[in-house]
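*Asks:* Mind having a look at this structure? Questions to follow.
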Amino acid sequence: MRPVERPAYRDRVSLIATEALTMRYGGRVTALDELTVQVEPGVVGLVGANGAGKSTLIKILLGLLPPTSGTVRVLDLDPFRDGEQVRARVGYMPEHDCLPPDLIAAELVTHLARISGLPRTAARERASETLRHVGLYEERYRQVGGYSTGMRQRVKLAQALVHDPDLLLLDEPTNGLDPAGREAMLELIHRIGTEFGISIVVCSHLLGEVERICDGLVAIDAGKLLRADRISSMTGATGVLVVEVDEGVDELAEALAGLSPRRDGAALLVPVAGDDTYDQVLRAVAERDLPLHRLDQRHHRVAELFGAETGER
Amino acid sequence: MPEPAAGVIHDIGYQRYQGPRLGRGYAVRSLFTHSLRTAYGLGRSPKAKIFPWLVVGIVGTVAVVAIAVRAATGQVAVSYLALPDAVFPLLILFGAIIGPELFSRDLHSGVLPLYFSRPLRRSDYVLAKLAGLLSALWLLLAAPQFAMFLGAVFAVNGWSEVWDELGDFAQGLANAAIHAAVVGALALLISSLLRRRAVAAPLVVAAFLVTLPVVGLLQALGSEAVQQIAGLFSPGTLVLGVRAWLFGEPELPDYGGFEPLYGAVALGLVAACVGLALLRYRRVSA
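In order, the protein sequences belong to chains A and B.
Numbering-wise (my numbering), the first sequence opens with residue 999 and increments by one.
Numbering-wise (my numbering), the second sequence opens with residue 510 and increments by one.
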């Protein structure tokens, strides 16, 4: 990987800092609950189940919603008071479809670059440039309506990137993509974060997806912070084995007590502590001659993984 | 393009943008220009150009005929002030197409988050687009008026007559602006509430047409005073009243001193439409 020229703020402060950030809609629905978190520059995954408060947090970071209470700083600015300055330096890729189908991709991105404050010529140049970076070049003079979902996601990414922001907020960027498309999108995001030197917050409800491209993770659930950490300090604790036996679940749970398993219906969830966790489980099953029904590594589900960890603390 | 070429391009790498970042005012101006161009189908598919330029063609023909008649006979067939009312149905139709084009389409495609996540404010978005809409409507009238003025300059004798002509032309432009404001404000409000252009467009036309029988009924059945204020109840007759108030032409219907009321109602209507649209956009989700 090439060395990265890092923007000045990287040495200064947190990219995003919130303190006791609370957001209530209509006084009843609590979307964010006393959220205190610091996000350092780099590629950060914001993970949580649907409805955990990710999109609300993004809107507050963009200054589109005033928080009910608490403070928030983005690029060392107050996004609600200095919204224009923040939004000039931040790129946002919304979750949902947001492209007018009858516009030509290059024209749309150029237009949005101008709305971000780029002079006419610069806007046109950067629009072409950015569309090329996201992998649309020859196609850029076609109407967006004729694009595949994957191409549309790339245009959405291009419009967020076109004004060379210091921070990209990507809301579920792999939404609606097939496996190959997801792979390509994640690869692209990773490249933007490392080669382009732009800090990124990627929202996703799929931990397994973002953990591969992120330096750090922030997990929220029901508007509360579950955990925020560097990925490196989380490795080794990110796997869960699902063990299902047709009978003798309690017996097995007892036998594996040292691995602190959890019951999930008929299954046992065993945190992977190391390379030998597999063997330990298999040995325990074999010794007791239990009818093993299923043994596999579960796709990480945020609530589970982080829930277990916060439970232990 | 073959793969290797794309690889070569890739190697140029990402360049950070070091140039100037112009502020909110520039963003508003850009959106205004974009809206005005969109209204006339510029920078869009050939299909999007058909309707606006058809309307321009028809209004232009009216102006050309007026110029020709004046050059041939010396008679003013259509005055500057009369032109907006003469082509008012076309103006309504134009507003009914481009209003939804500018506002409903953005709601439908969900593009608003892309605007609101930029330095622009929500009210900036509404006002810039409205300015584009009003300018498009006004130009539809002002351009033919300008052509008529040029035609007249060559037809009249002496500078004093040109000066008079200029005065009439200016009045015509002002009258065009009033018509554009009323049509544009109604088109704005209706299309800001509806996501589908196909629904919004007929409703804009309906706002003008459905109210006409009310005026007719009041004029047929009411007392003299009621007849004089009947025009308030439809936008098309409302602007005629404003025209009578501001420019006082003898051939217009008798409003019996209620003319200022027409001005006030027109102003109130425009202000209410814009105000409600601004409220609407404060609530629309980004």
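Heads up, the beta-carbon is just placed ideally off N, CA and C, and yes, glycines get one too.
Only a predicted model underlies this, so the values are computations on that prediction, with no experimental measurement involved.
Please go through the segment 719-783 of chain B and give each complete alpha helix (DSSP H) segment of 4 or more residues, from N-terminal end onward.
*Replies:* 721-730, 733-738 and 744-756
*Asks:* Our contact map puts R1124 of chain A next to Y790 of chain B with C-beta atoms below 8 Å; I'd like the distance itself, whole angstroms only.
*Replies:* That belief does not hold up - the Cβ atoms of R1124 of chain A and Y790 of chain B are roughly 28 Å apart, past 8 Å.
*Asks:* Just the chain B side, please: which residues come within less than 7 Å of G1068 of chain A by C-beta, in chain order?
*Replies:* Residues of chain B passing the Cβ test: none, with the nearest at roughly 21 Å.
*Asks:* So what's I1056 of chain A in DSSP terms, helix, strand or just coil?
*Replies:* helix
*Asks:* I'd like to check one pair, V1200 of chain A with V1035 of chain A: are the Cβ atoms closer than 8 Å?
*Replies:* no
*Asks:* If you draw a straight line from the alpha carbon of A1111 of chain A to that of Y1276 of chain A, how long is it in whole angstroms?
*Replies:* 52 Å
*Asks:* Given H1291 of chain A, which residues of its chain have a CB within under 8 Å of its CB, disregarding the five upstream and five downstream residues?
*Replies:* So the qualifying residues of the chain are E1242, V1243 and D1244.
*Asks:* Contact defined as beta carbons within less than 8 Å: I believe V779 of chain B pairs with A690 of chain B. What is the distance between those atoms, to the nearest angstrom?
*Replies:* Sure, about 5 Å apart at Cβ, within 8 Å.
*Asks:* Would you mind giving the Cβ-Cβ distance between R1022 of chain A and T1028 of chain A, rounded to the nearest angstrom? I have them listed as a contact below 8 Å.
*Replies:* Yes, R1022 of chain A and T1028 of chain A are in contact; Cβ-Cβ is about 5 Å, under 8 Å.
*Asks:* Output the boundary residues of the alpha helix (DSSP H) element that contains L702 of chain B.
*Replies:* W668 to L702
*Asks:* Considering only the beta carbon of each residue, do V1268 of chain A and L1280 of chain A sit closer than 8 Å?
*Replies:* no
*Asks:* Helix, strand or coil for Q1083 of chain A? Go by DSSP, reduced to three states.
*Replies:* helix
*Asks:* What is the C-beta distance between V596 of chain B and V571 of chain B, in whole angstroms, given that I count them as a contact (C-beta under 8 Å)?
*Replies:* Taking C-beta atoms under 8 Å as the contact rule, V596 of chain B and V571 of chain B qualify, at a distance of about 6 Å.
*Asks:* When the cut-off is 8 Å and only beta carbons count, does H543 of chain B lie next to chain A?
*Replies:* yes
*Asks:* Ordered along the chain, which non-local residues of its own chain (more than five positions away) have a Cβ less than 8 Å from that of D1169 of chain A?
*Replies:* K1052, S1053, I1056, Y1090, M1091, P1092, E1093 and C1201
*Asks:* Is S500 of chain B close to chain A, meaning its C-beta is less than 8 Å from at least one C-beta of that chain?
*Replies:* The shown model of chain B, from 510 to 795, leaves out residue 500 of chain B, and the question about it has no answer.
*Asks:* At 9 Å on the CB atoms, spell out the chain B contacts of E1207 of chain A, in chain order.
*Replies:* Ordered by position in chain B, no residue passes the 9 Å Cβ test against E1207 of chain A, which lies about 22 Å from the chain.
*Asks:* Of all the CB atoms in chain B, is at least one closer than 8 Å to the CB of Q1151 of chain A?
*Replies:* no
*Asks:* Please identify, using Cβ separations under 8 Å, the residues of the segment 524-538 of chain B that lie next to chain A, in order along the chain.
*Replies:* Q524, R525, Y526, G528, P529, R530, L531, G532, R533, Y535 and A536
*Asks:* Which residues, in order along the segment 606-629 of chain B, keep a beta-carbon less than 9 Å from a beta-carbon of chain A?
*Replies:* R614, D615, H617, S618, G619, V620, L621, P622, L623, Y624, F625, S626, R627, P628 and L629
*Asks:* Does the beta carbon of L540 of chain B come closer than 8 Å to any beta carbon on chain A?
*Replies:* yes
*Asks:* Mind checking if I1014 of chain A is an interface residue toward chain B, Cβ cutoff 8 Å exclusive?
*Replies:* No, because no Cβ of chain B sits closer than 8 Å to the Cβ of I1014 of chain A.
*Asks:* With distances taken Cα to Cα, identify the nearest neighbour of L944 of chain A among B:A679, B:E670, B:G693 and B:S626.
*Replies:* Nothing about residue 944 of chain A can be reported from this structure: the residues present for chain A run from 999 to 1311 only.
*Asks:* With a CB to CB cut of under 7 Å and the five nearest residues on each side skipped, what residues in its chain are close to L643 of chain B?
*Replies:* A689, A690 and G693
*Asks:* Give me the Cα-Cα distance between Q584 of chain B and I567 of chain B, rounded to the nearest whole angstrom.
*Replies:* 21 Å
*Asks:* Rounded to whole angstroms, what is the Cα-Cα separation between A652 of chain B and L712 of chain B?
*Replies:* 27 Å
*Asks:* Just reading off the alpha helix (DSSP H) that D1162 of chain A is part of, what are its end residues?
*Replies:* Segment: none, D1162 of chain A is in no alpha helix (DSSP H) and carries neither H nor E.
*Asks:* Counting only the same chain and skipping the five closest in sequence on each side, list residues whose C-beta sits under 8 Å from that of L602 of chain B.
*Replies:* Excluding sequence neighbours, L602 of chain B sits near V564 and V714.
*Asks:* What residues of chain E sit near G1263 of chain A, judged by a beta carbon separation below 7 Å?
*Replies:* Protein chains A and B are contained in the structure displayed, whereas chain E is not.
*Asks:* Can you look up Q527 of chain B in the DSSP assignment and give me helix, strand or coil?
*Replies:* It is coil, neither helix nor strand.
*Asks:* What residues match up with T1020 of chain A in a beta bridge as DSSP calls it?
*Replies:* A:S1067
*Asks:* Less than 6 Å between C-beta atoms, sequence neighbours within five positions excluded: which residues of the same chain meet that for G765 of chain B?
*Replies:* Q737
*Asks:* Can you give the beta carbon distance from C1212 of chain A to S618 of chain B, rounded, assuming they're within the 8 Å contact cut?
*Replies:* About 31 Å separates the two Cβ atoms, so there is no contact after all.
*Asks:* Taking C-beta pairs closer than 8 Å, name the residues in chain B that R1316 of chain A reaches, listed in chain order.
*Replies:* Past the boundaries of the shown model lies residue 1316 of chain A; chain A is included only from 999 to 1311, so the question cannot be answered.
*Asks:* Can L1175 of chain A and V1142 of chain A be called in contact, C-beta distance under 8 Å?
*Replies:* no
*Asks:* Note the first and the last residue of the continuous alpha helix (DSSP H) segment covering G1043 of chain A.
*Replies:* That residue, G1043 of chain A, is in no alpha helix (DSSP H); its beta strand (DSSP E) goes V1041 to V1045.
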